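S.K.: Supplied in structure tokens, the structure appears directly below.
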Amino acid sequence: MVDQRSVVAIMFLFLLLFEPTFEQLERLSSRTELAALFELRSSLGLRSKDWPRKVDPCSSWNGVSCQNGSVVGINISGFRRTRIGSQNPQFAVDSLVNLTHLVSFNASRFLLPGSIPDWLGQQSPTLQVLDLRSCSIRGVIPSSLGNLTNLTSLYLSDNSLTGIIPSSLSQLSLLSVLDLSKNSLTGIIPTAFATLQNLSSLDISSNYLIGSLPPGLGTLSKLQYLNVSSNNIASSIPPQLGDLGGLVDLDLSMNSLSGSVPLDLRGLRKLQKMLIGNNFLSGNLSVNLFPSPSQLQIIVLRHNGFTGPLPDVLWTMPQLSLLDISHNNFTGMLPNSNSIINGTAALLNISQNMFYGGLTLLLGRFRLTDLSGNYFEGRVPDYVHSNASLDRNCLQDVLNQRTLVDCSSFYTARGLIFDNFGFPNSAPLPAPDNSGNSNRKKIILAAVLGGVGLIVLCLLLALLVLCFCKKSTATQRGVGVGPVPAGSSLPPPGSSINFSNLGDSFTYQQLLAATSDFSDANLIKNGHSGDLFRGILEGGIPVVIKSIDLQSNKKEAYLLELDFFSKVSHARLVPLLGHCLEKENEKFFVYKYMPNGDLSSSLYRKINSEDELQSLDWITRLKIATGAAEGLSYLHHECTPPLVHRDVQASSILLDDKFEVRLGSLSEVCAQEGDIHQSRITRLLRLPQSSEQGASGPPTAICAYDVYCFGKVLLELVTGKLGISASNDAQMKELLEQTLPYISIYDKELVTKIVDPSLIVDEDLLEEVWAMAIVARSCLNPKPTRRPLMRYILKALENPLKVVREENSGSARLRTTSSRGSWNAALFGSWRHSSSDVAAIPVSPAMKPEGSSSVKQSGTTGSQGSGGPNGGGEHSSSRRRHSREIFPEPSDVHDVERQAQD
Numbered sequence: 005m006v007d008q009r010s011v012v013a014i015m016f017l018f019l020l021l022f023e024p025t026f027e028q029l030e031r032l033s034s035r036t037e038l039a040a041l042f043e044l045r046s047s048l049g050l051r052s053k054d055w056p057r058k059v060d061p062c063s064s065w066n067g068v069s070c071q072n073g074s075v076v077g078i079n080i081s082g083f084r085r086t087r088i089g090s091q092n093p094q095f096a097v098d099s100l101v102n103l104t105h106l107v108s109f110n111a112s113r114f115l116l117p118g119s120i121p122d123w124l125g126q127q128s129p130t131l132q133v134l135d136l137r138s139c140s141i142r143g144v145i146p147s148s149l150g151n152l153t154n155l156t157s158l159y160l161s162d163n164s165l166t167g168i169i170p171s172s173l174s175q176l177s178l179l180s181v182l183d184l185s186k187n188s189l190t191g192i193i194p195t196a197f198a199t200l201q202n203l204s205s206l207d208i209s210s211n212y213l214i215g216s217l218p219p220g221l222g223t224l225s226k227l228q229y230l231n232v233s234s235n236n237i238a239s240s241i242p243p244q245l246g247d248l249g250g251l252v253d254l255d256l257s258m259n260s261l262s263g264s265v266p267l268d269l270r271g272l273r274k275l276q277k278m279l280i281g282n283n284f285l286s287g288n289l290s291v292n293l294f295p296s297p298s299q300l301q302i303i304v305l306r307h308n309g310f311t312g313p314l315p316d317v318l319w320t321m322p323q324l325s326l327l328d329i330s331h332n333n334f335t336g337m338l339p340n341s342n343s344i345i346n347g348t349a350a351l352l353n354i355s356q357n358m359f360y361g362g363l364t365l366l367l368g369r370f371r372l373t374d375l376s377g378n379y380f381e382g383r384v385p386d387y388v389h390s391n392a393s394l395d396r397n398c399l400q401d402v403l404n405q406r407t408l409v410d411c412s413s414f415y416t417a418r419g420l421i422f423d424n425f426g427f428p429n430s431a432p433l434p435a436p437d438n439s440g441n442s443n444r445k446k447i448i449l450a451a452v453l454g455g456v457g458l459i460v461l462c463l464l465l466a467l468l469v470l471c472f473c474k475k476s477t478a479t480q481r482g483v484g485v486g487p488v489p490a491g492s493s494l495p496p497p498g499s500s501i502n503f504s505n506l507g508d509s510f511t512y513q514q515l516l517a518a519t520s521d522f523s524d525a526n527l528i529k530n531g532h533s534g535d536l537f538r539g540i541l542e543g544g545i546p547v548v549i550k551s552i553d554l555q556s557n558k559k560e561a562y563l564l565e566l567d568f569f570s571k572v573s574h575a576r577l578v579p580l581l582g583h584c585l586e587k588e589n590e591k592f593f594v595y596k597y598m599p600n601g602d603l604s605s606s607l608y609r610k611i612n613s614e615d616e617l618q619s620l621d622w623i624t625r626l627k628i629a630t631g632a633a634e635g636l637s638y639l640h641h642e643c644t645p646p647l648v649h650r651d652v653q654a655s656s657i658l659l660d661d662k663f664e665v666r667l668g669s670l671s672e673v674c675a676q677e678g679d680i681h682q683s684r685i686t687r688l689l690r691l692p693q694s695s696e697q698g699a700s701g702p703p704t705a706i707c708a709y710d711v712y713c714f715g716k717v718l719l720e721l722v723t724g725k726l727g728i729s730a731s732n733d734a735q736m737k738e739l740l741e742q743t744l745p746y747i748s749i750y751d752k753e754l755v756t757k758i759v760d761p762s763l764i765v766d767e768d769l770l771e772e773v774w775a776m777a778i779v780a781r782s783c784l785n786p787k788p789t790r791r792p793l794m795r796y797i798l799k800a801l802e803n804p805l806k807v808v809r810e811e812n813s814g815s816a817r818l819r820t821t822s823s824r825g826s827w828n829a830a831l832f833g834s835w836r837h838s839s840s841d842v843a844a845i846p847v848s849p850a851m852k853p854e855g856s857s858s859v860k861q862s863g864t865t866g867s868q869g870s871g872g873p874n875g876g877g878e879h880s881s882s883r884r885r886h887s888r889e890i891f892p893e894p895s896d897v898h899d900v901e902r903q904a905q906d
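Per our numbering, residue 5 is the first one in the sequence shown, and the count goes up by one each step.
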């Protein structure tokens, strides 16, 4: 007992003796610094919740840290301003001058509109960390920041900084992290950066930098992360990069790099990510390019000009999770050895190359494979996953392959024998039978004459009906007031185009200089309306230039696109920056450059340096889908007459540096066909409406055609299968047979069988995926008048959980009658029709979902209703009851037609 009392007494004396020291450490001792903090609180408009008045800042203010009675750190990252402070936010931090011991200032994600003050680099000598990411800063980087000689970390990314990178930053000898990415910086990368020997991370991506990579970067022995992607670097890769022994992440993608990759990068023994895609590099890949033993996990070399075979070392990397070498000129056969298969990697994309031979065991290593656009032959083995993309090869029993002539020519040119798609190379033809030729000729002639007569009779009848309709319309509405036919809504060439709305007028010489005389190295692709080239204007501004040859295109076709841009403007359309019309037989359009390319090339890619996903995450996919729907909804419902895009697919959905959508491929846009009289004609003739044709068959100049194509894009986002949106009718039929049975309004779990396996989603996100799949199925109804309008699709994508979550309240049921025209009614009215229409598609027993006996069970309630035991629906255990507000009764056919014409 005595011992315990002694211990307590000693502890009490210890606290009494050292209490002043603890109190001193927790309190701010300088009145000058206290006044400076209150001044900063006022100028930035910080809330009293974060920085209250009547307490000590060191002990009670959020984000304020002190040492020895002085402020050493301020962190206001993500703070909210007061209501008054948010009305006039400014870069007002002048009081930092009086915080003479400040080591760290973090204002990331806090709005600081304005420029960085020049005094910040002159009167903050103790500063070691300066973090101003995502602060809406504009202006130039002051050269005075080079005076912060104690600085170890400088973050200025995701702002609107302009001008050149000041060479004075090379004076920051202690700098370890430099992040200037996602700005609008121009000029060259300072060669003096080679003096930053303590630099471990350098990120200057997503700017407009030009010139070349400084060879001195290869001397930065501590450099682990180097990202110069999405600039205009237009030289070869310096071989000195091979000396960066500590490099873990290398990103040189989306520049204009040319030449060949340095022969020896074996010194990069710690490298995990190598991204050199979207450049103009060429030549063979040497074994020395890939370190061994390798830690490489991600390799992206797509959209270059590499040739020759792939080094075998690529297939022996145990950590490899993503290999994308698409759109090159690689050739050769894939290895066929069990010993090289090490685990299961995420994604292999070798599309658009010249690989040939059979599909080997190697492919069993990858969960997602894109082999399209090569020359593989033979049968598809079982170890190739069902979600593999195999289009445009020479494979047996696979749809959408190359022609026999194409495949035979390729193999013959290489001294190889083509398997002739599994058929005999030659077969005897049957001997001609000449008996009865004269009788056959008479029968054929009679049939031809009879057919011609029938066609003439039908044409005369149609003309009479048209004349009748025109007279009745003229009586009711007046002559010439009806809808404008597709393609004729624009004025005669040159008559009313407002060139003041079409950006700058460029000279041909300017465009030659921007594209290096339209060299093949700058060619992006040969589009159906013209050739697309990369270009760099004066000042280092990247653009895309379309060259339109009037000798191979319609003489006045370019004027239609000019007139479109002169009258239509929206944030979801790719901006037209200018034009050049001075040449007689060739015209040029200049568009804004989209750093993230299009959806077809961005669905699988590295999002940022810290994200381990190899594909776009679900939030980004939903953002892209909603953005594309906004653009199409604008064309369909806010333009008069409604405009039809006619080329909606993943390659026409362009993405800026923040993955915001800009619709491209606008050369096919036209006014919706005037089909108001069509129902009258078809009723008089007692024929099915011509607008109820196949999914992608004519007519294409109706908004419902865009809706169908958009449904294919949504299906591509959900399943992750590349090329769905560009597939033809035969491919879509097969895909729908395999996919639609797993999209049911009653059973969420079914959709997990078709969801992109690379997506990581929780329960709430899975419901959003399920909702998008339901919207996609509604869009894919084979009958155009039964597809939802684009404005309803946009509402559904903006409220995906409302699509699938039930509303059982009485008020919801009471609103049913008044809401029949709402987006829910339109979408799910289409769903009912879509389910019954698609039910007729034959499905093989292997593709039926578990617990279902037919496609109809997974998507429709049957003719007897959804509630009865004989309703032809799903088992009662998986049935989901929805209120009428979410799942209304199907609308009358005439109501649906009227909605389609709104």
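Cβ coordinates follow ideal geometry from the N, Cα and C atoms, glycine included.
Fair warning: this is a prediction, and the values are worked out from it, not measured in the lab.
I'd like to check one pair, residue 387 with residue 362: are the Cβ atoms closer than 8 Å?
M.R.: Locating residue 362 in the sequence shown gives position 358, counting from the first residue. Locating residue 387 in the sequence shown gives position 383, counting from the first residue. No, they are not a contact pair.
S.K.: Should the segment 515-524 be regarded as contacting the segment 642-661, the criterion being three or more beta carbon pairs within less than 8 Å?
M.R.: No, they do not touch.
S.K.: From residue 592 to residue 576, what does the alpha carbon distance come to, in whole angstroms?
M.R.: Residue 592 sits at position 588 when you count from the first residue of the sequence shown. Residue 576 sits at position 572 when you count from the first residue of the sequence shown. Distance between the alpha carbons of residue 592 and residue 576: 22 Å.
S.K.: Please look up how many angstroms separate the CB atoms of residue 352 and residue 335, rounded, as I've assumed it's under 8 Å.
M.R.: The sequence position of residue 352 within the sequence shown is 348, counting from 1. The sequence position of residue 335 within the sequence shown is 331, counting from 1. At roughly 17 Å, the Cβ-Cβ gap does not stay under 8 Å, so residue 352 and residue 335 are not in contact.
S.K.: Mind the definition here: the segment 251-262 touches the segment 224-240 only if three or more C-beta pairs lie below 8 Å; say whether that holds.
M.R.: The answer is yes - the segment 224-240 touches the segment 251-262, with three or more Cβ pairs under 8 Å.
S.K.: Please determine, among 419, 399, 415, 405, the residue with the shortest C-alpha to C-alpha distance to residue 426.
M.R.: Counting from one through the sequence shown, the residue named residue 426 turns up at place 422. Considering only alpha carbons, the answer is 399.
S.K.: Can you pull the DSSP bridge partners for residue 71?
M.R.: Translated into positions along the sequence shown, residue 71 becomes position 67. Bridge partners of residue 71: 74.
S.K.: Cβ atoms of residue 765 and residue 773: under 8 Å apart, would you say?
M.R.: Locating residue 773 in the sequence shown gives position 769, counting from the first residue. Locating residue 765 in the sequence shown gives position 761, counting from the first residue. Yes, Cβ-Cβ distance for residue 773 and residue 765 is below 8 Å.
S.K.: What residue range does the alpha helix (DSSP H) around residue 623 cover?
M.R.: Sequence index remark: in the sequence shown, residue 623 carries index 619 (1-based). Its alpha helix (DSSP H) spans residues 622-637.
S.K.: Going by Cα to Cα distance, which pick from 323, 299, 290, 301 is closest to residue 310?
M.R.: Counted from its first residue, the sequence shown places residue 310 at position 306. Minimum Cα distance to residue 310 is reached at 290.
S.K.: What do you reckon, are the CB atoms on residue 526 and residue 537 nearer than 8 Å?
M.R.: As a first step, residue 526 is located in the sequence shown; it is residue number 522 there, counting from the start. As a first step, residue 537 is located in the sequence shown; it is residue number 533 there, counting from the start. Yes; because the gap between Cβ atoms is below 8 Å, this pair is in contact.
S.K.: Quick one: what's residue 546 bridged to in DSSP?
M.R.: As a working mapping, residue 546 is identified with position 542 in the sequence shown. According to DSSP, residue 546 bridges with 540.
S.K.: Nearest-angstrom Cα distance between residue 728 and residue 718?
M.R.: Residue 728 sits at position 724 when you count from the first residue of the sequence shown. Residue 718 sits at position 714 when you count from the first residue of the sequence shown. Each residue's alpha carbon lies about 9 Å from the other.
S.K.: Output needed for residue 323: all residues of its chain with C-beta closer than 7 Å, excluding positions within five of it in sequence on either side, in chain order.
M.R.: Walking along the sequence shown from the start, residue 323 turns up at place 319. The answer, listed in chain order, is 299, 300, 301.
S.K.: Please list, in chain order, all residues of the same chain as residue 263 whose beta carbon is under 6 Å from its beta carbon, the five residues on each side excluded.
M.R.: Position 259 of the sequence shown, counting from 1, holds the residue named residue 263. Around residue 263: 240.
S.K.: Is residue 674 helix, strand or coil when you go by DSSP?
M.R.: In the sequence shown, counting from the first residue as 1, residue 674 sits at position 670. The answer is strand: DSSP assigns residue 674 an E or B state.
S.K.: For residue 355, which residues in the same chain have their Cβ closer than 6 Å to its Cβ, ignoring the five residues on either side in sequence?
M.R.: Your numbering for residue 355 matches position 351 in the sequence shown. Closer than 6 Å at Cβ, skipping near neighbours: 330, 374, 376, 377.
S.K.: Nearest to residue 221 by CA position, among 250, 210, 33, 83, is which residue?
M.R.: As a first step, residue 221 is located in the sequence shown; it is residue number 217 there, counting from the start. Answer by Cα proximity: 250.
S.K.: In chain order, what residues of the same chain lie with their CB nearer than 8 Å to the CB of residue 461, ignoring the 5 residues before and after it?
M.R.: As a first step, residue 461 is located in the sequence shown; it is residue number 457 there, counting from the start. No residues qualify anywhere along the chain.
S.K.: Any idea what DSSP makes of residue 350, helix, strand or coil?
M.R.: By 1-based counting over the sequence shown, the position of residue 350 is 346. Residue 350: strand per DSSP, three-state reduction.
S.K.: Can you find the residues in the same chain that come closer than 6 Å, C-beta to C-beta, to residue 585, ignoring five residues on each side of it along the sequence?
M.R.: Within the sequence shown, the letter at position 581 stands for residue 585. 591, listed in sequence order.
S.K.: Figure out for me which residue from 125, 64, 761 has the closest Cα to the Cα of residue 720.
M.R.: Residue numbering aside, residue 720 sits at position 716 when the sequence shown is read from its first letter. That would be 761, whose Cα lies nearest to the Cα of residue 720.
S.K.: Evaluate the contact criterion for the segment 82-90 versus the segment 126-136: three or more CB pairs, one atom per stretch, below 8 Å.
M.R.: No: the two stretches stay apart, fewer than three of their Cβ pairs being nearer than 8 Å.
S.K.: I'd like to know whether the C-beta atoms of residue 633 and residue 798 end up nearer to each other than 8 Å.
M.R.: Locating residue 633 in the sequence shown gives position 629, where the first residue counts as 1. Locating residue 798 in the sequence shown gives position 794, where the first residue counts as 1. In this structure, residue 798 lies closer than 8 Å to residue 633 by Cβ.
S.K.: Using a Cβ-Cβ cut-off of 6 Å (strictly less than) and excluding sequence neighbours within five positions of residue 224, which residues of its own chain qualify?
M.R.: Position 220 of the sequence shown holds residue 224. So the list reads 203, once near-sequence residues are dropped.
S.K.: For residue 506, count the other beta carbons within 10 Å of its own beta carbon; 16 or more makes it buried, fewer makes it exposed. Which is it?
M.R.: As a working note, residue 506 is residue 502 in the sequence shown. When all chains shown are included, residue 506 counts as buried.
S.K.: What first and last residue would you give for the beta strand (DSSP E) that runs through residue 588?
M.R.: Here residue 588 refers to the residue found at position 584 of the sequence shown. Here residue 588 belongs to no beta strand (DSSP E), and DSSP marks it neither H nor E.
S.K.: Taking the straight line between their C-alpha atoms, what separation do you get for residue 649 and residue 565?
M.R.: Taking the first residue of the sequence shown as position 1, residue 649 is located at position 645. Taking the first residue of the sequence shown as position 1, residue 565 is located at position 561. Cα to Cα, the separation comes out at about 12 Å.
S.K.: Taking the alpha carbon of residue 268 as the point to measure from, which residue in 294, 405, 252 has its own alpha carbon closest?
M.R.: Your numbering for residue 268 matches position 264 in the sequence shown. Nearest option by C-alpha distance: 294.
S.K.: Any idea what DSSP makes of residue 847, helix, strand or coil?
M.R.: The sequence position of residue 847 within the sequence shown is 843, counting from 1. Any answer about residue 847 is weak, because its pLDDT of 35 lies below 50 and its placement is not dependable; what the coordinates show is given next. It is coil, neither helix nor strand.
S.K.: So what does DSSP say about residue 710, is it helix, strand or coil?
M.R.: Locating residue 710 in the sequence shown gives position 706, counting from the first residue. Correct three-state label for residue 710: helix.
S.K.: How many Å lie between residue 677 and residue 738 at the Cα?
M.R.: Counted from its first residue, the sequence shown places residue 677 at position 673. Counted from its first residue, the sequence shown places residue 738 at position 734. Those two C-alpha atoms are separated by around 30 Å.
S.K.: Can you tell me where the alpha helix (DSSP H) holding residue 181 begins and where it ends?
M.R.: Counted from its first residue, the sequence shown places residue 181 at position 177. Per DSSP, residue 181 belongs to no alpha helix (DSSP H); it is in the beta strand (DSSP E), 181-183.
S.K.: Can you give the Cα-Cα distance for residue 869 and residue 277, rounded to whole angstroms?
M.R.: Taking the first residue of the sequence shown as 1, we reach residue 869 at position 865. Taking the first residue of the sequence shown as 1, we reach residue 277 at position 273. Note on residue 869: pLDDT 33, under 50, position unreliable in the model; no value is reported.
S.K.: If you check the beta carbons only, do residue 199 and residue 168 fall under 8 Å apart?
M.R.: Start at 1 with the first residue of the sequence shown, and residue 199 comes out as number 195. Start at 1 with the first residue of the sequence shown, and residue 168 comes out as number 164. Their beta carbons are not under 8 Å apart, which means residue 199 does not touch residue 168 by this criterion.
S.K.: Near residue 308, what residues of its chain come up, given a Cβ to Cβ distance below 6 Å and the 5 sequence neighbours on each side ignored?
M.R.: To locate residue 308, count along the sequence shown from 1; it is residue 304. The answer, listed in chain order, is 283, 285, 332.
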